[in-house]
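Peer 1:
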Amino acid sequence: MIYFVGAGSGAPDLITVRGARLLERADVVVYAGSLVNPALLETCKAACKIYNSAQMTLEEVMDVMIPAEQAGQCVVRLHTGDPCVYGAHREQMDILDAHGIAYEVVPGVSSFCGAAAALKAEYTLPEVSQTVILTRMEGRTPVPEKEKIELLAAHGATMVIFLSAGQMEKLSERLQAGGYAPDTPVGIVYKATWPEEKVVRTTVGQMAQAAQEYGITKTALITVGNFLGSTYERSKLYDPTFTTEFREASK
Numbered sequence: 019m020i021y022f023v024g025a026g027s028g029a030p031d032l033i034t035v036r037g038a039r040l041l042e043r044a045d046v047v048v049y050a051g052s053l054v055n056p057a058l059l060e061t062c063k064a065a066c067k068i069y070n071s072a073q074m075t076l077e078e079v080m081d082v083m084i085p086a087e088q089a090g091q092c093v094v095r096l097h098t099g100d101p102c103v104y105g106a107h108r109e110q111m112d113i114l115d116a117h118g119i120a121y122e123v124v125p126g127v128s129s130f131c132g133a134a135a136a137l138k139a140e141y142t143l144p145e146v147s148q149t150v151i152l153t154r155m156e157g158r159t160p161v162p163e164k165e166k167i168e169l170l171a172a173h174g175a176t177m178v179i180f181l182s183a184g185q186m187e188k189l190s191e192r193l194q195a196g197g198y199a200p201d202t203p204v205g206i207v208y209k210a211t212w213p214e215e216k217v218v219r220t221t222v223g224q225m226a227q228a229a230q231e232y233g234i235t236k237t238a239l240i241t242v243g244n245f246l247g248s249t250y251e252r253s254k255l256y257d258p259t260f261t262t263e264f265r266e267a268s269k
C-alpha cells in the first residue's frame, strides 16, 4: 500500500494520529523536502529509506514508490499541509491507477488553517464573509483565465493566497483593481505553526512594503478581507432568541 499523508502545516505535533502512525511503520518515505518540517522524520524507524522529492522528478518519485510497494513495503508519500491543496498528488495517483497499485489518502491540516490559527481569526464571520477563496497568482504555472486575481477579488470574500509572496507589489495592485479598498486588512503569515513563524498585519495598500520590511519573500500565505476587522454580527446558532433543532428560543 502507498499512503499519501498530509504532514500538516508545520509543527510536528499537528500531523494526524493516523499519519504519525504510518510514518512510524513506513519502510520508505518520500517527503516534500522544500516544505515539510524534517522534524517529522525523526519518528521513522532506523531502517526506513527516506527520499527528498524536492530533488526528484515525478518519474523518479514513482521509480522509488512503485517497486517498493510491489516488494510488499509500506510506502508513505509525505506532502505538506493537506495533499489536496497544491499537492500535485493527482498525477501520482493516476500513474498508480494505471499500474493497478492500491493507495490511500490521509488528510492533513492545511497551512491555510494554520494561518488562521496564527492570526487568531475566523475566516467566515456573519455579515462579513461566508466564502473562503483559496488561490494563487500565476507565475511559471498559469491559472485559468476566469481565476485571475482581479476577478476573484471582485467577490469581496475572504481570500487566502498561496505561492505568491514573491509578487507582493503586483498582487496589491491587482487586488485593488478587483475592488478591494487600499485599507482592506491583510494578514501575512510566514511559515504558519513553525517555530520561526511570523505574523504581519497590514493592508492591501501597504502589503508589499510590510513584506519587504519583515524580509518575507516566500513560504508565506497572504490572507485578505474584512474578517480581520472588528465588525461582525453574532452567530445565530448561539443567539438566545434563535430556535434550533436542539434548543428553543428564550422568551
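Just so you know, we're using our numbering here: the sequence shown kicks off at 19 and counts up by one.
Don't be surprised by glycine CBs; every beta carbon is placed ideally from N, CA and C.
(1) Just confirm the distance between the C-beta atoms of K209 and G28, as a whole number of angstroms; I'd bet it's less than 8 Å.
(2) Determine the direct distance from the alpha carbon of M177 to that of P144, and round the result to whole angstroms.
(3) So who's on the other strand from H97, going by DSSP bridges?
(4) Does the structure place the stretch 77-92 close enough to the stretch 55-65 that three or more beta carbon pairs sit under 8 Å?
(5) Within 10 angstroms of the Cβ of A106, are there 16 or more other Cβ atoms? Answer buried if so, exposed if not.
(6) What span of residues does the alpha helix (DSSP H) with T196 cover, start to end?
(7) Label G157 either buried or exposed according to how many other C-beta atoms from any shown protein chain fall within 10 Å of its C-beta, with 16 as the threshold for buried.
(8) Would you mind working out which of S71, R154 and C102 sits nearest L189, comparing C-alpha positions?
(9) Leaving aside the five residues before and after E251 along the sequence, list all residues of the same chain whose C-beta is less than 7 Å from its C-beta, in chain order.
(10) Which word fits F22, buried or exposed, when buried means at least 16 other C-beta atoms lie within 10 angstroms of its C-beta?
(11) Alpha carbons only, please: which of Y69, S52, L114 and L239 is nearest the one belonging to E215?
Peer 2: Considering the structure as presented:
(1) Here residue 209 corresponds to residue number 191 of the sequence shown, with the count starting at 1. Here residue 28 corresponds to residue number 10 of the sequence shown, with the count starting at 1. Between K209 and G28 the beta-carbon gap is near 6 Å, inside 8 Å, which marks them as a contact.
(2) The sequence position of residue 144 within the sequence shown is 126, counting from 1. The sequence position of residue 177 within the sequence shown is 159, counting from 1. Those two C-alpha atoms are separated by around 16 Å.
(3) Reading the sequence shown from its first residue, position 79 is the one you call residue 97. For H97, which the question treats as bridged, DSSP gives the partners G24.
(4) As far as the Cβ criterion goes, the stretch 55-65 does not touch the stretch 77-92, which means the pair count is below three.
(5) Within the sequence shown, numbered from 1, the residue matching residue 106 stands at position 88. That one is exposed.
(6) Along the sequence shown, read from residue 1 onward, the residue named residue 196 stands at position 178. Thr is not the amino acid found at residue 196; the sequence shown has Gly there. In the DSSP assignment, G196 falls within the alpha helix (DSSP H) that extends over M186 to G196.
(7) For the purposes of this step, residue 157 is taken as residue 139 along the sequence shown, with counting starting at 1. So G157 ends up on the exposed side.
(8) Looking up residue 189 in the sequence shown gives position 171. Each of S71, R154 and C102 was checked against the Cα of L189, and the nearest Cα belongs to R154.
(9) Counting from 1 along the sequence shown, the entry for residue 251 is found at position 233. Closer than 7 Å at the Cβ level, and outside the excluded window around E251, lie P144 and E145.
(10) Residue mapping note: residue 22 aligns to position 4 of the sequence shown, counting from 1. By the 10 Å Cβ count, F22 comes out buried.
(11) Translated into positions along the sequence shown, residue 215 becomes position 197. Nearest C-alpha to E215: L239.
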